[in-house]
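Numbering-wise (the UniProt record's numbering), the sequence shown opens with residue 1 and increments by one.
Inspection log for the structure reproduced underneath, given as structure tokens.
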Amino acid sequence: MPNPSNNPYLSRNRQEVTAESQLWEEALNAFYRDDDETALALLLEVLETQPDNLRAAYLAVLCAANLSDEETVEEVCGAVHRHGARHPYALGCDAVRAMFYANYERAEHLFDLALQALPDDIDLGIGLAILCEQMGQEEKCAELYRRVLERSPDNIRARISLGISYALSGEYLSAFAEYQYAKQLDPSVENPHQHLGRDFYADGLLTEAVQEFLQAIAEEPEQPAAYFFLLDCYRRLGEIDAALDVYQQIRIRFAHEPELMSQFFEQFRMFNEALPLLERLHREHPEDLEILLRLCRAYEETGQPAEALNRLEKSVPDDPEAGPLWSELARLYYQIGEYQSAAAAAKRAVEFNRYDQEAYGVLTDALLMLGKIEEAEAAAQEMERIQDEAWQRYQRRFSGLEEEGED
Numbered sequence: 001m002p003n004p005s006n007n008p009y010l011s012r013n014r015q016e017v018t019a020e021s022q023l024w025e026e027a028l029n030a031f032y033r034d035d036d037e038t039a040l041a042l043l044l045e046v047l048e049t050q051p052d053n054l055r056a057a058y059l060a061v062l063c064a065a066n067l068s069d070e071e072t073v074e075e076v077c078g079a080v081h082r083h084g085a086r087h088p089y090a091l092g093c094d095a096v097r098a099m100f101y102a103n104y105e106r107a108e109h110l111f112d113l114a115l116q117a118l119p120d121d122i123d124l125g126i127g128l129a130i131l132c133e134q135m136g137q138e139e140k141c142a143e144l145y146r147r148v149l150e151r152s153p154d155n156i157r158a159r160i161s162l163g164i165s166y167a168l169s170g171e172y173l174s175a176f177a178e179y180q181y182a183k184q185l186d187p188s189v190e191n192p193h194q195h196l197g198r199d200f201y202a203d204g205l206l207t208e209a210v211q212e213f214l215q216a217i218a219e220e221p222e223q224p225a226a227y228f229f230l231l232d233c234y235r236r237l238g239e240i241d242a243a244l245d246v247y248q249q250i251r252i253r254f255a256h257e258p259e260l261m262s263q264f265f266e267q268f269r270m271f272n273e274a275l276p277l278l279e280r281l282h283r284e285h286p287e288d289l290e291i292l293l294r295l296c297r298a299y300e301e302t303g304q305p306a307e308a309l310n311r312l313e314k315s316v317p318d319d320p321e322a323g324p325l326w327s328e329l330a331r332l333y334y335q336i337g338e339y340q341s342a343a344a345a346a347k348r349a350v351e352f353n354r355y356d357q358e359a360y361g362v363l364t365d366a367l368l369m370l371g372k373i374e375e376a377e378a379a380a381q382e383m384e385r386i387q388d389e390a391w392q393r394y395q396r397r398f399s400g401l402e403e404e405g406e407d
């Protein structure tokens, strides 16, 4: 009898099944590590070969919602509806979709229906916990994560999320214990002291935060975030010498990472420090639209709107279909009183993105300043029409959802 392992067709099928199984495991592991970006990419790959995998679809929608990725939320939910699935995970997709659009009452109803069918399901439980967190129901959120951990004690996402729930309730020691547990499970997750420091920082407990960030730096000196949080804590506390010491450490330790440093400086509104780094990045990547816009914002924040305009005016001819450039250009022109140029740039912006509300606002205001009342009224009416169209589109989603989500 021939050996089945020598059959190339059977061997290939086994390899494909093994690859699909590994991909699915990687996607689940990324989701349970609270790495939504990686998980979403892997889950979408899973759905390419397994379009009927409703669990993958539900998790993809949940990750996309967490990442504010409306397009993916709509695409995956639409695919589930086209399959006509009535599975609890299909209800879960609709629940996440409702949560994404802040229709919390409906989202909770749909999660309850799904969990009635699968009461012990971990993934649906995590989704409902995320909903409760968004609704500000910290106690219920914590209870849901505890239930998940009863069934899956090594679920890193649930551990960290439970810790966050504890911190929101002021139970910092309990929060730290959960962060430590998660770190023991996976050394790559955030340092527990850094996480607790961010909790203190968010609650305005800066002195307590300083101690946690110092401990995090002592344990993991190569990780950047704690340095920047510590720097901002010292600045807010008025401890200038300590802040300067940390700033020097940052410049020495992370000098070779201008992208990382600039993002942190922007996050903490240290635009004078971010500016030379962004100028360097723009020289190295002149085609990168996001870097250009960040650079212009930094110029504006440091009192140099003319330089921001100069950069944009040089860049627009190279990429005439870059709507965000025109929108930013219109705003800056208006700010310095060049209303004719502001109106022209705003018109170009809305040509490329008819939903650019900021550009419509600049256009209307610029036309008013130019005394073009009728044109300004027409622009305002068009803006209202676009807003109404968007609202109707939003309502249609839920009218369709109501029809498809009901048993």
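All C-beta atoms, glycine included, are put in the ideal place defined by N, C-alpha and C.
Quick caveat, the model's predicted, so the values are computed rather than measured.
The alpha-carbon separation between Glu377 and Ala359 amounts to approximately 15 Å.
With fewer than 16 other CB atoms across the displayed protein chains lying within 10 angstroms of its CB, Pro276 is exposed. Rounded to whole angstroms, the gap between the alpha carbons of Gln381 and Ser68 is 29 Å. Between Tyr145 and Ala129, the beta carbon gap of about 5 Å places them in contact (Cβ cut-off 8 Å).
Listed in chain order, the alpha helix (DSSP H) elements of length 4 or more contained wholly in the UniProt repeat "TPR" (323 to 356) are 323 to 335, 339 to 352.
Counting of Cβ neighbours within 10 angstroms places Arg294 among the buried residues, the total reaching 16 or more. Nearest C-alpha to Cys132 among Ile156, Ser161, Ile252: Ser161. With a contact defined as Cβ atoms closer than 8 Å, Leu196 and Phe176 qualify at about 5 Å. Its chain contains Ala366, Met369, Leu370 as the residues whose beta carbon lies nearer than 7 Å to that of Tyr339, once the 5 sequence neighbours on both sides are disregarded; these appear in chain order. With a 10 Å radius around the Cβ and a threshold of 16 neighbouring Cβ atoms, Leu325 comes out buried. Looking at the backbone, the Cα of Ile373 and that of Ala342 are separated by about 16 Å. Within the UniProt repeat "TPR" (156 to 189), the runs of alpha helix (DSSP H) that reach at least 4 residues and sit entirely inside it are, in chain order, 156 to 168, 172 to 185. Taken through DSSP and simplified to helix, strand or coil, Gln50 comes out as coil. If you ignore the 5 residues before and after Gln267, its C-beta comes within less than 6 Å of no other C-beta in its own chain. Classified as exposed, Glu37 has fewer than 16 neighbouring CB atoms from the shown chains inside 10 Å of its CB. Bounds of any alpha helix (DSSP H) do not take in Pro119, whose DSSP letter is neither H nor E.
Beyond the five residues adjoining it in sequence on each side, Ile291 comes within less than 6 Å, by CB distance, of Leu281, His282, His285 in the same chain, given in chain order. Taken atom to atom, the span from the alpha-carbon of Ser165 to that of Leu44 is near 29 Å.
Excluding residues up to 5 positions away in sequence, Tyr227 lie with their Cβ nearer than 8 Å to the Cβ of Gln249 in the same chain. Per DSSP, reduced to three states, the secondary structure at Thr207 is helical. Within the same chain, Leu281 come within 7 Å of Glu259 by CB-CB distance, once the 5 residues on both sides are set aside. Note that the region 172 to 187 touches the region 148 to 163; at least 3 beta-carbon pairs, one per stretch, sit closer than 8 Å. For Asp154, the closest C-alpha among the options Lys140, Met135, Ser169, Tyr181 is that of Tyr181. DSSP, read as helix, strand or coil, puts Gly127 in helix. Apart from sequence neighbours up to five positions away, the residues of its chain that approach Gln335 with a beta-carbon distance below 7 Å are Pro305, ordered along the chain. A straight line joining the alpha-carbon of Glu139 with that of Arg86 spans about 31 Å.
In the three-state reduction of the DSSP assignment, Ala79 falls in the helix class. Counting the other Cβ atoms within 10 Å of the Cβ of Thr207 gives fewer than 16, which makes it exposed.
A residue is called buried once 16 or more other Cβ atoms fall within 10 Å of its Cβ, and Tyr355, having fewer, is exposed. Cβ-Cβ distances below 8 Å link Phe352 to Glu321, Ala322, Gly323, Trp326 in the same chain, with the five nearest sequence neighbours on each side left out; the list follows chain order. Shown here for Val148: same chain residues with a beta carbon closer than 8 Å to its own, the five before and five after excluded, namely Ile122, Gly125, Ile126, Ala129, Asn155, Ala158 in chain order. Around the C-beta of Thr364, 16 or more other C-beta atoms lie within 10 Å, and the residue is accordingly described as buried. Judged by DSSP in its simplified three-state form, Tyr101 adopts coil rather than helix or strand. Nearest in C-alpha terms to Leu40, of all of Arg198, Asp199, Tyr58, is Tyr58.
Ranked by Cα distance from Leu312, the first of Glu301, Leu332, Gly303 is Leu332. Rounded to whole angstroms, the Cβ separation of Met135 and Tyr104 is 5 Å, and the two are in contact under 8 Å.
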